[in-house]
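A.B. asks: This structure is in structure tokens; I'll ask about it shortly.
Written out as structure tokens, the structure reads:
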């Protein structure tokens, strides 16, 4: 699992590469806990190369969303693969996140 | 029918080995990406549940996993020696349609197992918990 972090203007881009599976869950959880602490910018999470997610990974996204809302900031996901979208849909997470955005659309929505 | 049996320890590195083995046999048995994804998700949720709740996080216990390629299905059987526990008795989450403020964090694992498999069963046999997951492989998947 690799996490790449860049900025476009005031927006933080987080690219997730690989699998959010049990061996990687604590790494992802720690990363997003730190990222959403004292949040001062909006975040776009690029999932183009995210191949797997489990329920613990979903938990990280819901916690991050709660923290970003509390800080009055946005967190958007983009480029979700078909299988990952299904996990979000079956969990009712498609009510919480727009799961159909590409990166350009996400950046446009946020800026 | 083809079988592949692995024994893992009740710890994260064991789950990593299990995931690698599933990826390897999926390739060898020409399992589609969708079926491999679904079964990996279901298997992870079951096994992490066994480790965290069945074995209470103790990392030295054994879990046996048998992968079987049948004519129409991929079948995975998970056997552990933890106290009797039927994951099918875990209540379904009732807040999936609720807004963010009312959503619980967690409780989704077993729900996802049901959604991503075609059959999910539990039985207690010879002081072991035996969970069987089944996914059809021949209906366009």
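Chains as they are written, first to last, in the working numbering: chain L, 1 to 111; chain F, 1001 to 1141.
Idealized CB from N, CA, C, for every residue including glycine.
Just so you know, these numbers come straight off a predicted model, no measurement behind them.
For the putative contact between residue 32 of chain L and residue 60 of chain L, defined by C-beta atoms under 8 Å, what is the C-beta separation to the nearest angstrom?
C.D. replies: Walking along the first chain from the start, residue 32 of chain L turns up at place 32. Walking along the first chain from the start, residue 60 of chain L turns up at place 60. Confirmed, Cβ separation roughly 5 Å.
A.B. asks: Within 10 angstroms of its Cβ, does residue 12 of chain L collect 16 or more other Cβ (buried), or is it exposed?
C.D. replies: For the purposes of this step, residue 12 of chain L is taken as the residue at position 12 of the first chain. Buried, by the Cβ-count rule.
A.B. asks: Buried or exposed for residue 1097 of chain F, going by 16 or more other Cβ atoms inside 10 Å?
C.D. replies: Indexing the second chain from 1 puts residue 1097 of chain F at position 97. When all chains shown are included, residue 1097 of chain F counts as exposed.
A.B. asks: Does any C-beta atom of chain L lie closer than 8 Å to the C-beta of residue 1117 of chain F?
C.D. replies: Position 117 of the second chain holds residue 1117 of chain F. Not one chain L Cβ lies under 8 Å of residue 1117 of chain F.
A.B. asks: Report the three-state DSSP secondary structure of residue 1011 of chain F (helix, strand or coil).
C.D. replies: As a working note, residue 1011 of chain F is residue 11 in the second chain. Note: residue 1011 of chain F maps to coil in three-state DSSP.
A.B. asks: Got a sec: is the Cβ-Cβ distance from residue 1067 of chain F to anything in chain L below 8 Å?
C.D. replies: If you number the second chain from 1, residue 1067 of chain F lands on position 67. Not closer than 8 Å to any Cβ of chain L, the Cβ of residue 1067 of chain F fails to qualify, so no.
A.B. asks: Who does residue 1003 of chain F pair with in a DSSP beta bridge?
C.D. replies: Along the second chain, read from residue 1 onward, the residue named residue 1003 of chain F stands at position 3. According to DSSP, residue 1003 of chain F bridges with F:1068.
A.B. asks: Can you tell which of L:75, L:95 and L:83 has its C-alpha closest to the C-alpha of residue 107 of chain L?
C.D. replies: Within the first chain, the letter at position 107 stands for residue 107 of chain L. It is L:75 whose Cα lies nearest to the Cα of residue 107 of chain L.
A.B. asks: Over what stretch of residues does the alpha helix (DSSP H) that includes residue 89 of chain L continue unbroken?
C.D. replies: Position 89 of the first chain holds residue 89 of chain L. Its alpha helix (DSSP H) spans residues 82 to 90.
A.B. asks: Got a sec, what are the start and stop residues for the alpha helix (DSSP H) residue 59 of chain L sits in?
C.D. replies: Taking the first residue of the first chain as 1, we reach residue 59 of chain L at position 59. 55 to 70 is the extent of the alpha helix (DSSP H) around residue 59 of chain L.
A.B. asks: Taking Cβ positions only, does residue 1054 of chain F come closer than 8 Å to chain L?
C.D. replies: Reading the second chain from its first residue, position 54 is the one you call residue 1054 of chain F. Not one chain L Cβ lies under 8 Å of residue 1054 of chain F.
A.B. asks: Considering Cα atoms alone, identify which of F:1080, F:1111, F:1083 and F:1069 is closest to residue 1135 of chain F.
C.D. replies: For the purposes of this step, residue 1135 of chain F is identified with residue 135 of the second chain, where counting begins at 1. The candidate whose alpha carbon is nearest that of residue 1135 of chain F is F:1069.
A.B. asks: Leaving aside the five residues before and after residue 1025 of chain F along the sequence, list all residues of the same chain whose C-beta is less than 7 Å from its C-beta, in chain order.
C.D. replies: Within the second chain, numbered from 1, the residue matching residue 1025 of chain F stands at position 25. Same-chain partners within the cutoff: 1004 and 1067.
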